[in-house]
Structure formats: C-alpha cells, structure tokens
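Numbering (my numbering), first residue to last: 2 to 262.
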C-alpha cells in the first residue's frame, strides 16, 4: 500500500500540500508539526468534504532535533510496515529565510540556523525516512493522484542556483538552498542502486508563494506570478508526477522546466 509524507505541514506550502493530497488521492498521509499536532490535524481537515479523516496522521517532528525525527520514523514503521507499504510521495520542505543584502549583514547565528533548517534538517529527515521508499523488487500499482513511481521531493529555490545567480545577496539562503539541490542529486544516485526505477529524488522550486516566509517581498512580485499556497501545491504535485525517470536527480520549477544548479 502506498502512503504520503509531508514535513512540515503546519502552515504554508506544506499545509496546502497535505490538504491537496487529502482531496486528490486515497492514500494515507503522514504529516508533521513541531507542536500542537492535534490542532494542526484539525486545521488540515477543516472544511474538507468527502475525505476520510482517518487517512491523516500528524506527528511531532522538529527538523533541527534528530530525536524527534527518529521517533516519528519509528512511529511510521509501526503504521506503515515496509514489508506491506511503501512511501510513494514525500515532501521534506522545512525552510527559513534571513535576507542579507551585503556581507556586513551576515549574522553567525542566522547563518547556522539557515543551514540547520534548510539543509541539515532535510538531510536528517532523508536519513530516517529513506528506507520507506520501494526497493527494486517491489511491484508498484497505479494510485489515484500519485506518481507512477515513488518521488522524494526536496524544496529548493531558484536563488539557490549558482548558474542563475545574477543579483547577489541573500548569502545564507542561497548557499543553504544550493545544498538542497546537491543533496537531491546525491540521494537520487543512491536510489538508482537500491530502488532502480521504482523511486527517484528531485528538488523543486514552487515559484513566489504567498506565505509567511516571503511576506516582505509580495509587493515586489507581479500579481500573476505570486501564487497562493493551494495553487503552488497543485503545481508541485503535478510536476512531481510528470518528470519521470529522465528527470530524476534534477531541479524543477513549478512549470516543469529544469533549473540548472
């Protein structure tokens, strides 16, 4: 049986992704939040019609606290034994932004926090959840609303592309997000060995999305290019389902166009 994973899911894109998957798939969904898991679960289900509420579980997970990650993974093993279940679509997408405009604005604490949340957090989630992905000998059945093979998606950012960097600034965010793209490629090389064609890793860029992370920059984005979290979620899942084997290990934007590292 296939299941989905979204971390974190308490707000923003992760919140929208979880609600999107609840409405467009029939798979069980494991979502995470740093705290208040019951309140988050209630918010995620609020207003949804014709959705089986028992499909959704919200567990405590803080991406900078490996103990909470390993504990959540242990609980997932109980819920979704790998012998009978496989992770079909995963979004590990923690993020934080400290937008330095010059080297003098770089703060050591903010720099460390950027790498802990944007790069190391997703890496630790990957460490503890990678074994849920299907192996080479698994037989995957078609699942409504889900990719034909397992997709492990990380949240990159266009500003994390070194080749696309023409503006400068945002030192810690750029560097930490560049790390996400590198990890997606490295993990995909691992999956080629253990999962073959049954699982791929990609990085994705959602575009400019109206979330708390970007609220100070909404006025600088053209109205038709500032997406709601709901639209961003729809586009992300759509691209994840389209890129296929030729797109594995690469970095994709919301249109399904590749972004070079």
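Note that CB positions come from ideal geometry on N, CA and C, so glycine has one too.
Only a predicted model underlies this, so the values are computations on that prediction, with no experimental measurement involved.
Asked	Found
For residue 114, which option in 211, 41 and 173 has the closest C-alpha, if you only look at C-alpha atoms?	173
Are residue 1 and residue 14 closer than 8 Å when you measure CB to CB?	Residue 1 is absent from the structure shown; the chain starts at 2 and stops at 262.
Under the three-state reduction of DSSP, which class applies to residue 254: helix, strand or coil?	strand
Whose C-beta lies closer than 6 Å to the C-beta of residue 111 among residues of the same chain, with five residues either side of it excluded?	99
Assuming the contact rule is C-beta atoms closer than 8 Å, residue 18 and residue 237 should be a hit. Round their C-beta distance to whole Å, please.	7 Å
Could you work out which residue in 190, 33, 108 and 55 is closest to residue 73 when comparing CA atoms only?	33
Bridge partners for residue 4 per DSSP, in chain order?	88
Going by other Cβ atoms of all chains shown within 10 Å of its Cβ, with 16 needed for buried, is residue 156 buried or exposed?	buried
What do you get for residue 137, buried or exposed, if any count of 16 or more other CB atoms within 10 angstroms of its CB means buried?	exposed
Measuring alpha carbon to alpha carbon, tell me which of 244, 53, 178 and 139 ends up nearest residue 84.	139
Per the contact definition of three or more C-beta pairs closer than 8 Å, is the stretch 165-179 in contact with the stretch 53-64?	no
With residue 146 and residue 26 assumed to form a contact (beta carbons below 8 Å), what rounded beta-carbon distance in angstroms separates them?	4 Å
Taking its Cβ as the centre, do 16 or more other Cβ atoms sit within 10 Å of residue 107, making it buried, or is it exposed?	exposed
Cα separation between residue 150 and residue 21?	19 Å
Just list the beta strand (DSSP E) runs in the stretch 164-219, keeping only unbroken ones of 3 residues or longer that don't cross its boundaries, in chain order.	200-206
Going by the DSSP bridge assignment, what does residue 43 pair with across the sheet?	Note: residue 43 sits in no beta bridge, so no partner.
So, for residue 1: in the same chain, excluding its five sequence neighbours on each side, which residues have a beta-carbon less than 6 Å away from its beta-carbon?	Since the first residue shown for the chain is 2 and the last is 262, residue 1 is missing from the structure and cannot be characterised.
Tell me the DSSP bridge mates of residue 259?	253
Classify residue 49: buried if its beta carbon has 16 or more other beta carbons within 10 angstroms, exposed otherwise.	exposed
Indicate the three-state DSSP secondary structure (helix, strand or coil) for residue 240 in the structure shown.	helix
Alpha carbon to alpha carbon, how far is residue 164 from residue 12? Give it in angstroms, no decimals.	31 Å
What separation, rounded to the nearest whole angstrom, lies between the Cα atoms of residue 153 and residue 87?	12 Å
Who are the near neighbours of residue 231 in its chain, counting only those whose CB is closer than 6 Å to its CB and skipping five residues on each side?	17
Any idea what DSSP makes of residue 71, helix, strand or coil?	helix
Out of 10, 61 and 75, which one is the CA nearest neighbour of residue 45?	10
Is the separation between the beta-carbon of residue 204 and that of residue 181 shorter than 8 Å?	yes
What is the DSSP secondary structure of residue 61, reduced to helix, strand or coil?	strand
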